[in-house]
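A quick write-up on the structure given underneath.
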Amino acid sequence: MTTTLIRGCCPHDCPDTCATITEVHHGRAVAFYADPDHPITQGWLCAKVRPYLERVYSPDRLFYPLRRIGPKGSGRWERVSWDEAIATIADRWQAIIAEYGAAAILPYSYSGTLGLLQTAIVDARLWNRMGASGLDRTICCAAAHAAVYATLGARRSPDYDDLLHSRLIIIWGHNPASAGPHAMPFIRQAQRAGAYVVVIDPRRTATARSADLHISIQPATDAALALGMMHVIFAERLHDEAWLERYTVGWRELRVRAVEYDPERVAAITGVPAATIIELARRYATTKPAIIKTADGIQRHQNGGQTFRALLCLPAVVGQYGVRGGGLAYSTGGYATWDGEAVGHASECPPTPRVVNMNRLGAALTGEVTDPPIMSLFVYCANPLTSSPNAGLIEQGLRRDDLFTVVHDLFMTDTARYADIVLPATSQLEHLDLHRAYGHRYLTLNQPAIAPLGEAKSNWDVTRLLAKAMGYTEPWLHESAEEAIRGVLDASRRRNPFLTGITYERLVQEGTVRLTLTPETEVPFADGHFPTPSGKVELWSATMAAQGLDPLPQYEPPAEYVAHPIAEGWLTLISAAPHHFVSSSMANQPSLRAKEGPPSLEINPANAVARGIRDGDEVVVGNARGHCRLRAVVSDNVPPGVVFAAKGHWAGYSPDGRNVNWTTPDALADLGGQSTFHSNRVRVVKSE
530 MTTTLIRGCC PHDCPDTCAT ITEVHHGRAV AFYADPDHPI TQGWLCAKVR PYLERVYSPD
590 RLFYPLRRIG PKGSGRWERV SWDEAIATIA DRWQAIIAEY GAAAILPYSY SGTLGLLQTA
650 IVDARLWNRM GASGLDRTIC CAAAHAAVYA TLGARRSPDY DDLLHSRLII IWGHNPASAG
710 PHAMPFIRQA QRAGAYVVVI DPRRTATARS ADLHISIQPA TDAALALGMM HVIFAERLHD
770 EAWLERYTVG WRELRVRAVE YDPERVAAIT GVPAATIIEL ARRYATTKPA IIKTADGIQR
830 HQNGGQTFRA LLCLPAVVGQ YGVRGGGLAY STGGYATWDG EAVGHASECP PTPRVVNMNR
890 LGAALTGEVT DPPIMSLFVY CANPLTSSPN AGLIEQGLRR DDLFTVVHDL FMTDTARYAD
950 IVLPATSQLE HLDLHRAYGH RYLTLNQPAI APLGEAKSNW DVTRLLAKAM GYTEPWLHES
1010 AEEAIRGVLD ASRRRNPFLT GITYERLVQE GTVRLTLTPE TEVPFADGHF PTPSGKVELW
1070 SATMAAQGLD PLPQYEPPAE YVAHPIAEGW LTLISAAPHH FVSSSMANQP SLRAKEGPPS
1130 LEINPANAVA RGIRDGDEVV VGNARGHCRL RAVVSDNVPP GVVFAAKGHW AGYSPDGRNV
1190 NWTTPDALAD LGGQSTFHSN RVRVVKSE
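Residue 599 in the numbering used here is what sits at position 70 of the sequence shown, and the numbering runs on without skipping anything.
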């Protein structure tokens, strides 16, 4: 009996983008594990993905199209054929277009399954051709991206193994032990070789517990701390003036701004002692190479863009860009960029009539978006009722009788329960895709290992069916999966030197291929060129100034914090990544739910005593947007004034059918239309 080994790739929203191997016997996947030869994955998978076959073969999988036959949310469905489901969708869409125009149709997707085909191409082609509303996909990283492009001009970071050259590693607002764990062995190896590891995070995370120093900072004050470090560095003449003169714009203006952030003022803002600020600044300025490793959680605040700008300025002040083991490690997503026209064929389509910010979905569905209103919602690779802010308002919108909602997913998610049509989706083992990483610099091809289970179909196959039903004849809407991937890869390679020599045939043969880097590009920005308008690091940003924004980084407290002060009994709720889920993905998987534990709230002992809360009590967490019930975990892992609840728990599995996103704000950040999940003040009371 023959067992076949199929190379694949983890599709979930994580910088590691692990290479996998699936063993298939008689058409069934019997084993799933990491590729031992992949230089990043190195033969092991995270706790989330190790039991992936449990997800693939779950009895809760959706295997057939369903049509709602009861009230929205009632759970009453009937099985229909794919032909009937697609015809129903096309008929409804054509009627909506005839009455309201295609702008009344809104696709909603994000990173439930990543990949060139199942995400990027699917996110563009059909919707472009239809002239549907565009979706501003800004829930995760928009402010950071805007800050990076304004300051450095490109998202370029080293691979994890460059950490082995670092003598100081500052992990800032990031918990790679739970969100990007394949960086951890490199961090630990560097630490054993003498690197000093600092974690700056409000919460004592798994990463913080193994650091040399954990600095507990009040949420949303990181920009003040970064500027306070600059104050000390400039005041003590520890900056690299020669490097600043040659490679930056606006360093003197930045020095003037930093004068405002003396250590005593910053200590009052951040909760970090002035002596610690001074010591950290001196260590950072005098230790080389020094690297700041960060991620997206730090910019999910109302001042997230300026926060990230401040972090980006620090390596420039001490001349650490272009140094192996130095600089800033955020995202490698700027290397393997795809040709936009090949992805979406926008030039052959009507212009996008408008763009709806995904963070405002609830508001958009309940009246904020008009002329025309949103009359149909098509959800794939996302579960907004679980993962998006102000979820109570989203639920209100989903209950609209006149809203025609289609959800394409593997499971009956919280969002799918309110759909009119639910379509079964393939898992990663059942479709083809090409994956780039944002934590390293490799491309990985995911080959389908098994046939789709039941009647499940991939995002791309559904797109092709819908295009045919709508009468669209453009050949790029009807390509095979391989043709679509080949076309974009070939077009992108012609203009992107990092893709030189990378062909589809090579990916099939090797599975994982390193991007094409030269001695000049191996270390990000080693050539001293930054793809900004000036060709330099723009500490003073002309891009920001042109938008009417402060061209220098600054600290400003979120408006919600100002309106709801801690002194009046409010607490700051942060909702970072869980250890066993990827946002809401896997959060319905029994073994992982058991390991993650029930939805809970970490609360400092001082705050718990003041509210009569004991460990294990049920508490109500709420504000004007909504509330949810959680189990109290009394712990000094969080400082006074801060509470923590892991994101991702499905509302349907929660005690009162809600999760923390019933409380999170849908206000937008200072840059990019970014989400502001962590600029959230709540009251916490013991449940009666």
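Using N, Cα and C, we set each Cβ at its ideal position, and we do this for glycine too.
Note on Gln-1038: under 16 other CB atoms within 10 angstroms of its CB, so exposed under the neighbour-count rule. Counting along the chain, the unbroken alpha helix (DSSP H) around Ser-1120 starts and ends at 1119-1125. One alpha carbon belongs to Phe-592, the other to Val-991, and they sit about 14 angstroms apart.
DSSP, reduced to helix, strand and coil, places Asn-657 within a helical segment of the structure shown. Within the DSSP secondary-structure output, Trp-701 pairs in a beta bridge with Ile-729 and Thr-823.
Collapsing the DSSP output to three states places Asp-791 in coil. Taking all protein chains shown into account, Ser-1129 has 16 or more neighbouring C-beta atoms within 10 Å of its C-beta and is therefore buried. Runs of the beta strand (DSSP E) lying entirely within the segment 888-968 and spanning at least 3 residues, in chain order: 905-909, 933-938, 950-953 and 962-965. For Gly-1145, same chain residues with a beta-carbon under 7 angstroms away, outside a window of 5 residues either side, are Arg-1160 and Ala-1161 in chain order. In the displayed model, Arg-608 falls within a strand according to three-state DSSP. Residues Val-726 of the same chain have their beta carbon placed closer than 6 angstroms to that of Gln-720, with the five preceding and five following residues left out of the count. By the Cβ-count criterion, Ser-1204 is buried, with 16 or more other Cβ atoms from all chains shown falling within 10 Å of its own Cβ. Secondary structure of Ala-1198 (DSSP, three-state): coil.
Under the three-state reduction of DSSP, Arg-781 is assigned to helix. Each residue's CA atom was taken as its position, placing Ile-598 and Arg-557 some 34 angstroms apart.
Close CB contacts of Ala-1075 within its chain, under the 7 angstroms cut and outside five residues either way in sequence, are absent. Residue burial annotation: His-554 is exposed, with fewer than 16 other C-beta atoms found within 10 angstroms of its C-beta.
Between Arg-838 and Pro-1082 the beta-carbon gap is near 4 angstroms, inside 8 angstroms, which marks them as a contact. Distances from the CA of Pro-818 to each of Gln-831, Gln-835, Thr-805 and Leu-857 were compared; the closest alpha carbon is that of Leu-857. In the DSSP annotation of this structure, the continuous segment of the alpha helix (DSSP H) that includes Asp-990 starts and ends at 988-998.
Of Glu-628, Leu-595 and Asp-652, the smallest CA-CA separation from Asn-988 is found for Asp-652.
For His-743, the three-state secondary structure derived from DSSP is strand.
In the three-state scheme derived from DSSP, where H, G and I count as helix and E and B as strand, Ile-806 is classed as helix. Excluding its 5 nearest sequence neighbours in each direction, Ser-1112 has C-beta neighbours in its own chain below 7 angstroms: Asp-542, Ser-916, Lys-1176 and Gly-1177, listed in chain order. In the three-state reduction of the DSSP assignment, His-554 falls in the strand class. For the pair Ala-1092 and Pro-913, the Cα-to-Cα distance works out to about 27 angstroms.
Residue environment for Trp-1069: buried (at least 16 other C-beta atoms within 10 angstroms of its C-beta). Nearest in C-alpha terms to Asp-930, of all of Thr-895, Glu-1003 and Pro-714, is Thr-895. Judged by DSSP in its simplified three-state form, Thr-1041 adopts strand.
Between the alpha carbons of Ile-820 and Gly-757 lies a gap of roughly 18 angstroms. DSSP, read as helix, strand or coil, puts Asp-751 in helix.
Under DSSP, Thr-642 takes part in no beta bridge, so it has no partner. For Val-885, the closest of Leu-635, Gly-1151, Ala-740 and Thr-1192 by C-alpha to C-alpha distance is Leu-635.
By DSSP's assignment, Thr-1072 forms no beta bridge with any residue.
In the DSSP assignment, the residues bridged to Tyr-562 are Ile-550. In the three-state scheme derived from DSSP, where H, G and I count as helix and E and B as strand, Arg-1160 is classed as strand.
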